[in-house]
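Colleague: Convert by adding 6 to the 1-based position in the sequence shown; the result is the number in the working numbering.
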Amino acid sequence: MELFFKYLQYEKRYSPHTLTSYHTDLGQFAQYLEQVYQITDPAEAGHTIIRSWILTLVQNNIKPRSINRKIACLRSYYRFLLAEQRIEANPMLRIKAPKVSKKLPAFVPEEPFNTLLDTFTFEENFEGQRDRLILELLYGTGIRLAELIGIADGDISLRAKTVRVLGKGNKERIIPINDSLLSCIEVYQKHKKSEFPDNNSEKLLVTNKARPLYPKFIYRVVKKYISLITTSQNNSPHVLRHSFATHLLNKGADLNAIKDLLGHSSLAATQVYTHNSIEKLKSIFEKAHPKA
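What follows is the structure in structure tokens.
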């Protein structure tokens, strides 16, 4: 199992978040094998035993999306064992994943959110300008939470008006930034330099103690401001990524361009946003067309 995780980390370059999830999933499976079947090596488990574990997860009301992630973990694991010649046949070939109902990505309304960014009085100090920059970067570039945390001062090019981010699988991409966001970065950097003149951190965004930001911190900031314009409970940083894509698509942006901006590996992952746009088109049609 440890060889498998090293393979995922160094060869497949999986993200730390995925590695943590797979550690948990494979650990739970190994525990189940030992407790129920007295099997200490997962390589000995056949498809019937694997299926019994999945059935147990279903009976324990584990969400289909979580079960599918666990199945994906086992698929990767048994493919690895097959490649390493630890097993003669892959038992996962006979395992089907449960169907997951597709949810439309949640997003914040365009006008209220832009009004918030343009008219809300963020405090003219380090904390206030940092909060504003968090919101502006997430919405203005569509980057992921981990990508935001990873941005270094050197990743911002004021001259080229771009930001460099490191996405999933350590894939680097360059994202354009507009003049408004550029101004926010410059103002924040001035406050940061004044607040921490001796700061040696390479990261762009830091805490009040000049340490790199962490996920819970950003969650709190995003929730604080989004709750001012919507009562929706879905106010995570990822909602701003969905909003970025949805609002671009509503304005007529090319789907392939949005795919590249988001860092998706395939167009299939980006196409989910077309459903939100179709719903908007339906609404316009019903209000405007005489035969609607």
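Beta carbons are placed, not taken as given, at the ideal position from N, Cα and C, and that holds for glycine.
1. Do L211 and R136 have their beta-carbon atoms positioned less than 8 Å apart in this structure?
2. To the nearest angstrom, report how far apart V228 and E8 are at their CA atoms.
3. Run the CB neighbour count on C115, radius 10 Å, all protein chains shown included, and call it buried at 16 or more, exposed below.
4. Which of the three DSSP states is assigned to P182 in this structure?
5. By a C-beta neighbour count over all protein chains shown, 10 Å radius and 16 as the cutoff for buried, is D82 buried or exposed?
6. I want to know whether the segment 209 to 225 touches the segment 91 to 108 - three or more CB-CB distances under 8 Å.
7. Nearest CA to the CA of W59: which residue from Q34, R71 and T46?
8. Compare the Cα-Cα distances from I101 to each of P111, L87, I77 and D185 and report the closest residue.
9. With a cut-off of 8 Å, does the C-beta of H197 fall near any C-beta of chain B?
10. Could you check what DSSP says for S58 in three-state terms: helix, strand or coil?
11. Do A251 and G175 have their CB atoms nearer than 8 Å?
12. For L287 and V106, I'd like the C-alpha separation in whole angstroms.
13. Between S283 and L246, which are expected to be in contact by the criterion C-beta below 8 Å, what is the C-beta distance as a whole number of angstroms?
14. Would you mind listing the alpha helix (DSSP H) stretches within the segment 24 to 91 that are 4+ residues and don't spill past its ends, in chain order?
15. Out of F128, F132, T127 and I290, which one is the CA nearest neighbour of K198?
16. According to DSSP, T168 sits in a beta bridge with which residue or residues?
Modeller: The answer reads as follows:
1. yes
2. 37 Å
3. Per the sequence shown, residue 115 should be read as Pro rather than Cys. When all chains shown are included, P115 counts as exposed.
4. strand
5. Per the sequence presented here, residue 82 reads as Ser, with Asp not at that position. Answer is buried; the Cβ neighbour count reaches 16.
6. no
7. Q34
8. I77
9. Among the chains of the structure shown, chain B does not appear; only one protein chain is present.
10. helix
11. no
12. 26 Å
13. Contact flag wrong, Cβ pair sits at about 18 Å.
14. 53 to 65 and 70 to 89
15. F132
16. S163 and P182
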